[in-house]
Ligand SMILES: *Cc1c(COP(=O)(O)O)cnc(C)c1O
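Numbering (this note's numbering), first residue to last: 4 to 401.
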């Protein structure tokens, strides 16, 4: 089983029964072309060299693997390491994928870029690479998210991107994706859609995963150098699942490495008050892919809630649905209250303000680390920094 894990998806983008290509007819050929172009780029040393150079000199890789000594001591159990993706340019892991995709767009001869964004971190990463490569940039963002993440809206606009408010439905990420898809259907000839997570139609879940694998590849080498052995546990928060799969994927074949993905528990597992797809969700199709999602008895997509805009989405990436189905990765959730407590603890013991998304992973570690022996090793993906969340956290914590 473990050998098979790193070869999914198949040629049509299926991870077991999950994934695939559920898109309007007009997008089928462009997506197949994208898959072919990606396959060529992946195997082209010139593409990889250009990407490596940007990741190193522009984005700031490799990121440190930092031993959180005071936090570990406070919890009194496992030794906890933080993979510092928050130190990347623009403040989150999203830049890894944005850089990979803009290089791909350039190869495809596209001149215009569109993207959706929830917390605004992916919008910022996309606006950043568009400025860097001189491309027109349109970001679709829910009006509600624009309000709670106004700092990121300003950052995008300052870099020359056009931010389009989406007021339909819940006015958050799902509606922003709908608008981006609508744009793409009409403009695909000259537009590339930089999708921001390991979600959507094939080849996006695979491609986005591959662009984030660098996190896990580095972490693996770093822990071997520091500790001389592999970690016992990997922990990451899961929205669409890109930072989590980026850390997990290079360890999937290591049977002794346990992995836990942490979803948004919101106010608790009550319909419409959370975004934990594996808690009360079901199998369905949303925005290009077949996966676990939150829907009511009639199949209508349910409203979601999370304190963090970046995890507030009704579907999970199809590879996570697959990894859950075969029991390779475990999934749990953290509530808003637990998230704020995690945020506060990391801030006051380590001097690191995590993003509220990231604080979901922190919250789970607070529960599990004390139960583990002091000889065990945990790596947490510190997916982003909390500057964007200072106002919201202050409201609750000060
Ligand atoms: C966007 C975001 C997430 C959630 O997205 P994934 O694709 O699940 O990684 C998590 N953390 C931060 C800091 C983000 O910006």
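We put the CB at the ideal spot given by N, CA and C, even for glycine.
What three-state label does DSSP hand residue i in the structure shown?
i: residue 267; result: strand
i: residue 22; result: strand
i: residue 195; result: strand
i: residue 400; result: helix
i: residue 338; result: strand
i: residue 165; result: strand
i: residue 96; result: coil
i: residue 178; result: helix
i: residue 343; result: helix
i: residue 305; result: coil
i: residue 288; result: strand
Rounding to the nearest angstrom, what Cα-Cα distance links residue i and residue j in this structure?
i: residue 174; j: residue 81; result: 41 Å
i: residue 321; j: residue 213; result: 14 Å
i: residue 203; j: residue 373; result: 37 Å
i: residue 379; j: residue 235; result: 6 Å
i: residue 384; j: residue 216; result: 12 Å
i: residue 178; j: residue 24; result: 19 Å
i: residue 312; j: residue 360; result: 8 Å
i: residue 396; j: residue 163; result: 29 Å
i: residue 22; j: residue 390; result: 34 Å
i: residue 270; j: residue 282; result: 13 Å
i: residue 254; j: residue 260; result: 7 Å
i: residue 195; j: residue 79; result: 48 Å
i: residue 41; j: residue 55; result: 16 Å
i: residue 105; j: residue 67; result: 25 Å
i: residue 187; j: residue 140; result: 13 Å
i: residue 110; j: residue 160; result: 26 Å
i: residue 94; j: residue 387; result: 6 Å
i: residue 45; j: residue 112; result: 17 Å
i: residue 354; j: residue 87; result: 13 Å
i: residue 275; j: residue 307; result: 5 Å
i: residue 49; j: residue 218; result: 21 Å
i: residue 133; j: residue 116; result: 7 Å
i: residue 180; j: residue 125; result: 12 Å
i: residue 1; j: residue 369; result: The structure shown does not extend to residue 1, since the chain is modelled only from 4 to 401, so the question has no answer here.
Which whole-angstrom value describes the C-beta separation of residue i and residue j, a residue pair presumed to lie in contact below a C-beta threshold of 8 Å?
i: residue 249; j: residue 92; result: Wrong, their Cβ atoms sit about 16 Å apart, outside the cutoff.
i: residue 325; j: residue 241; result: Rounded, the Cβ-Cβ distance is 13 Å, inconsistent with contact.
i: residue 310; j: residue 342; result: 6 Å
i: residue 73; j: residue 294; result: Not quite, the Cβ-Cβ distance comes to about 38 Å (not below 8 Å), so this is no contact.
i: residue 123; j: residue 156; result: 6 Å
i: residue 268; j: residue 200; result: About 19 Å separates the two Cβ atoms, so there is no contact after all.
i: residue 33; j: residue 191; result: 5 Å
i: residue 278; j: residue 272; result: Not a contact, Cβ separation roughly 10 Å.
i: residue 318; j: residue 289; result: 4 Å
Check your understanding: Where in the region 56-89 do unbroken runs of the beta strand (DSSP E), each at least 3 residues long, occur, reported from the N-terminal end onward?
Key -> At a cut-off of 3 residues, the continuous stretches assigned as beta strand (DSSP E) that sit fully inside the region 56-89 are 68-70 and 82-86.
Point to revise | Entirely enclosed beta strand (DSSP E) segments - the region 356-397, minimum 3 residues | key: If we require 3 residues or more, the beta strand (DSSP E) runs fully inside the region 356-397 come out as 380-384.
Review point. Which runs of the beta strand (DSSP E), 3 residues or longer, sit entirely within the region 206-254?
Key: Unbroken beta strand (DSSP E) runs of no fewer than 3 residues, entirely contained in the region 206-254, are found at 236-240, following chain order.
Exercise for review: Please list the segments of the beta strand (DSSP E) lying wholly inside the region 93-149, counting only runs of 3 or more residues, in order along the chain.
Suggested key: Counting whole runs of 3 or more residues, the region 93-149 contains the beta strand (DSSP E) stretches 115-120 and 139-145.
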